[in-house]
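>
Residue numbers (the working numbering): 1331 to 1783.
1) For a test of the three-state rule: what should DSSP assign to residue 1628, helix, strand or coil?
2) Just checking, does the stretch 1679-1693 make contact with the stretch 1577-1593 on the three C-beta pairs under 8 Å criterion?
3) For the beta strand (DSSP E) that residue 1406 lies in, which residues bound it at each end?
4) With H, G and I counted as helix, E and B as strand and the rest as coil, what does DSSP make of residue 1705?
5) Is it the case that the Cβ atoms of residue 1727 and residue 1711 are separated by a distance below 8 Å?
6) In the DSSP assignment, the beta strand (DSSP E) including residue 1780 goes from what residue to what residue?
7) Would you mind sorting residue 1530 into buried or exposed? The rule is 16 or more other CB atoms within 10 Å of its CB.
8) For residue 1657, tell me which candidate among 1696, 1526 and 1773 has the shortest Cα-Cα distance.
9) Which one of 1568, 1479 and 1577 has the shortest CA to CA distance from residue 1654?
10) Let's test the definition: count the other Cβ atoms within 10 Å of the Cβ of residue 1549 and tell me whether it reaches 16, buried, or not, exposed.
11) Suppose only complete runs of 3+ residues qualify. What are the beta strand (DSSP E) ranges in the stretch 1526-1570, listed by chain order?
12) Which residue or residues does DSSP assign as beta-bridge partners of residue 1762?
13) In three-state terms, what does DSSP make of residue 1481?
14) Per DSSP, which one or two residues make a beta bridge with residue 1700?
15) Tell me which residues share the same chain as residue 1568 and place their Cβ nearer than 6 Å to its Cβ, disregarding the 5 neighbours each side in the sequence.
16) Taking all protein chains shown into account, do 16 or more other C-beta atoms lie within 10 angstroms of the C-beta of residue 1605, making it buried, or fewer, making it exposed?
17) Is it buried or exposed for residue 1636, if we count other Cβ within 10 angstroms and need 16 for buried?
18) Under 8 Å by Cβ, that's how I've got residue 1776 and residue 1671 pegged, so tell me the actual separation to the nearest angstrom.
19) Per DSSP, what kind of secondary structure is residue 1756 in: helix, strand or coil?
20) So which of 1617, 1765, 1586 and 1660 has the shortest CA-CA distance to residue 1596?
21) So for residue 1395, helix, strand or coil by DSSP?
22) Quick check: the Cα distance between residue 1623 and residue 1535, rounded to an integer number of angstroms?
23) Pick out whichever of 1411, 1382, 1384 and 1383 has its Cα sitting closest to the Cα of residue 1394.
24) Measuring only the C-alpha atoms, how far is residue 1669 from residue 1744?
25) Using CA atoms only, rank isn't needed, just tell me which of 1415, 1738 and 1708 is closest to residue 1699.
26) Using DSSP with H/G/I as helix, E/B as strand and the rest coil, what is residue 1446?
27) Among the candidates 1390, 1382 and 1398, whose CA atom is the shortest distance from the CA of residue 1417?
28) Looking only at its own chain, which residues have a Cβ that is under 8 Å from the Cβ of residue 1676, when we skip the five neighbours before and after it?
29) Quick check: what's the CA-CA separation for residue 1485 versus residue 1576?
30) CB-CB under 7 Å to residue 1280, same chain, minus the five flanking residues each way: which ones, in chain order?
31) Just to confirm, are residue 1405 and residue 1618 a CB contact at a threshold of 8 Å?
32) What are the boundary residues of the beta strand (DSSP E) that includes residue 1673?
33) Around the Cβ of residue 1632, are there at least 16 other Cβ atoms within 10 angstroms (buried) or fewer (exposed)?
34) Quick one: what's got a C-beta closer than 7 Å to residue 1644's C-beta in the same chain, skipping five residues either side?
35) What are the start and end residues of the beta strand (DSSP E) that includes residue 1582?
36) DSSP has residue 1597 in a bridge; who is on the other side?
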């Protein structure tokens, strides 16, 4: 199954609503991650010696800009907190740093300093592979070698992963965090992947029960929090947990504000869902992985679900996670003025996110343009990033909205803190298919990069 609806639906700092799905081209918002009932973040303690004026909610946890008096909700080492604009002075423990605020414009706000804290999820925390017990869905048991090829090529019953079973540490994988009228979870199950080279996973089931969301009764959706080292690539694959299982899995990721990557089939005729993403944060904030069945995804409407949802004990799945080193395509050092072509590029598997890096003066404004050269099934999308302090935080996404096979994005990067000057810095961007697919046909494209000042 290949879905055609937009996957980057929410605004930059707007939390997603309840579960989603439509193959009709309508906007989708995925799942409730507003965290109003979950103690994910510690409150940042501000410096009482600071002589400037601070908003009453300065340092308080937030989910989106509108939660804050100043409408600035920024990421810190303990999660997202309310902040304020600055010129050069902030309380002790906060730095005056440039960020984007829903556009390419740079705004300077106070951002908390500090090292990431461990185990920020205060209940039902599951860490793998340290504390999980290896389990497989069927013999043979764990092999001695890690999986090769893509994770969709692995037999569901074979692997080296430390599998976390749904129900181990929590009654089930959460399907929503707030907006549930039932007492589901006081915490959110989490898998800590560590650095490159780790293999972990989960065993779950899309149950046949009724779950209450903001929009009413709906089917089971599984939400799992993931953590890894900054700029670590995570490969995620979900496949039927046993031969003959009717599940048609869909997988997508979110940073808590927007759906970021998505896939339903790794290749035509292969119902294994696969996606890749570079872990975005230097803090202990998690990203969120969502698993649901394709029939349920399609049954969603903005006013609720139809009567055709599925689930039950046979709808079991195996989730596999693998981390590798971040290795973007290096475009080298680029100069201001000329157009720099990057030809003969391609996405080869469903859910692939291809990252690029180039070096340029920090005060340059890049324009990235993509032209499709292969299959018309390819819907190009380009993302740019905040990459200072070793992060890989998504800033803006542009896609081929008019179907002409092209996409372009200007600016939007955040590459250094405060006043950067003209010293060369690294810029990062990514290319993906808007629907998370690859095939049929070749998903090939040409790129150009042009720098202005």
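Backbone N, C-alpha and C fix where the C-beta goes; we use that ideal spot for every residue, glycine too. Note that the structure is predicted; figures quoted are calculated from it, not measured.
Walking through what the data contain:
1) In this structure, residue 1628 counts as helix in the three-state DSSP scheme.
2) Segments in contact, yes.
3) Here the beta strand (DSSP E) through residue 1406 covers 1403-1406.
4) Annotated three-state conformation of residue 1705 is coil, per DSSP.
5) For residue 1727 and residue 1711, yes; Cβs fall inside 8 Å.
6) Counting along the chain, the beta strand (DSSP E) containing residue 1780 begins and ends at 1773-1782.
7) By the 10 Å Cβ count, residue 1530 comes out buried.
8) Residue 1526 is the option with its Cα nearest to residue 1657.
9) Nearest option by C-alpha distance: 1479.
10) Counting Cβ neighbours within 10 Å, residue 1549 comes out buried, since at least 16 surround it.
11) Inside the stretch 1526-1570, DSSP marks whole beta strand (DSSP E) runs of 3 or more residues at positions 1529-1535, 1541-1543, 1546-1548, 1552-1557 and 1562-1570, from first to last along the chain.
12) Paired residues: 1683 and 1711.
13) Note: residue 1481 maps to helix in three-state DSSP.
14) BP columns for residue 1700 point to 1737 and 1777.
15) The residues 1579, 1581, 1603, 1621, 1647 and 1649, in chain order, have a CB closer than 6 Å to that of residue 1568 in the same chain once the five nearest residues on each side in sequence are set aside.
16) So residue 1605 counts as buried.
17) Residue 1636 should be labelled exposed.
18) Contact annotation, residue 1776 with residue 1671: C-beta distance approximately 7 Å; criterion of less than 8 Å satisfied.
19) In this structure, residue 1756 counts as strand in the three-state DSSP scheme.
20) It is 1765 whose Cα lies nearest to the Cα of residue 1596.
21) For residue 1395, the three-state secondary structure derived from DSSP is helix.
22) Straight-line measurement puts the Cα of residue 1535 at about 10 Å from the Cα of residue 1623.
23) The candidate whose alpha carbon is nearest that of residue 1394 is 1411.
24) Their Cα atoms are separated by approximately 21 Å.
25) Residue nearest to residue 1699 within the set 1415, 1738 and 1708 is 1738 (criterion: CA-CA distance).
26) Any reading at residue 1446 must be qualified, since the residue scores a pLDDT of 35, below 50, and its modelled position is unreliable; the value itself is stated next. The answer is coil: DSSP assigns residue 1446 none of H, G, I, E or B.
27) Closest option to residue 1417, Cα to Cα, is 1382.
28) Excluding positions up to five away in sequence, the list reads 1704, 1772, 1773, 1774 and 1775.
29) Residue 1576 has its alpha-carbon roughly 16 Å from the corresponding atom of residue 1485.
30) Here the chain covers residues 1331 to 1783 and nothing more, so residue 1280 does not appear.
31) Cβ atoms of residue 1405 and residue 1618: not closer than 8 Å.
32) First-last of the beta strand (DSSP E) with residue 1673: 1669-1677.
33) Counting the other Cβ atoms within 10 Å of the Cβ of residue 1632 gives fewer than 16, which makes it exposed.
34) Cβ-Cβ distances below 7 Å link residue 1644 to 1575 and 1576 in the same chain, with the five nearest sequence neighbours on each side left out; the list follows chain order.
35) Unbroken beta strand (DSSP E) run through residue 1582: 1579-1584.
36) Looking at the DSSP assignment, residue 1597 forms a beta bridge with 1600.
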